[in-house]
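Going left to right, the sequence shown walks through residues 1 to 144 as full-length UniProt numbering numbers them.
Below is one structure, written out as structure tokens; the observations come after it.
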Amino acid sequence: MSPTPQPPATSRPALQGMPVSTTAATVKKIFGSSVNTSKTTTIPCAFDTYVEDAFKSDEDIHPQFRRKFRVIRADSYLKNFASDRSHMKDSSGNWREPPPSYPCIETGDSKMNLNDFISMDPEVGWGAVYSLSEFVHRFGSQNY
1 MSPTPQPPAT SRPALQGMPV STTAATVKKI FGSSVNTSKT TTIPCAFDTY VEDAFKSDED
61 IHPQFRRKFR VIRADSYLKN FASDRSHMKD SSGNWREPPP SYPCIETGDS KMNLNDFISM
121 DPEVGWGAVY SLSEFVHRFG SQNY
């Protein structure tokens, strides 16, 4: 059995107070039609507003491809996350894009564990993995 395909990770944080939107073509290429591309949401906003504006229901998505969320305490993330930036290089070892100017993030135990943070296997990494409905139920104020 081949591993479940994962969308690429990005590290482009939303600017506070700025509208957050994505192009439909990019979203469909990465996620299929599981994300609502017809709305623009201003950040910060209430969690329930974000979920309602950003995600469509999982009902029409094949169970294998339904969204999952890894939730990690900030202190655990800061203590354990490590990336040597190898994911930013092509197969020849060349940078796909120029790397950040600041040093790589390392811990005493690891130079690279990014895949443990990306993995949606609850037995791997730190924190808890939730389905969309579990995520909304755990952190939202409404039932969806």
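Quick reminder that beta carbons are idealized off the backbone N, C-alpha and C, glycines included.
- Annotated three-state conformation of I72 is coil, per DSSP.
- The DSSP-derived three-state label of Y102 is coil.
- Note that the C-beta distance between R70 and D58 is not below 7 Å.
- The DSSP-derived three-state label of T40 is coil.
- Within the segment 78 to 126, the runs of alpha helix (DSSP H) that reach at least 4 residues and sit entirely inside it are, in chain order, 114 to 118.
- Counting along the chain, no alpha helix (DSSP H) covers A46, and no H or E run does either.
- Counted as a single uninterrupted DSSP element, the alpha helix (DSSP H) harbouring S133 occupies residues 132 to 139.
- For the set P100, F81, N80, D109, the Cα lying nearest the Cα of K89 is the one of P100.
- Note on F135: 16 or more other CB atoms within 10 angstroms of its CB, so buried under the neighbour-count rule.
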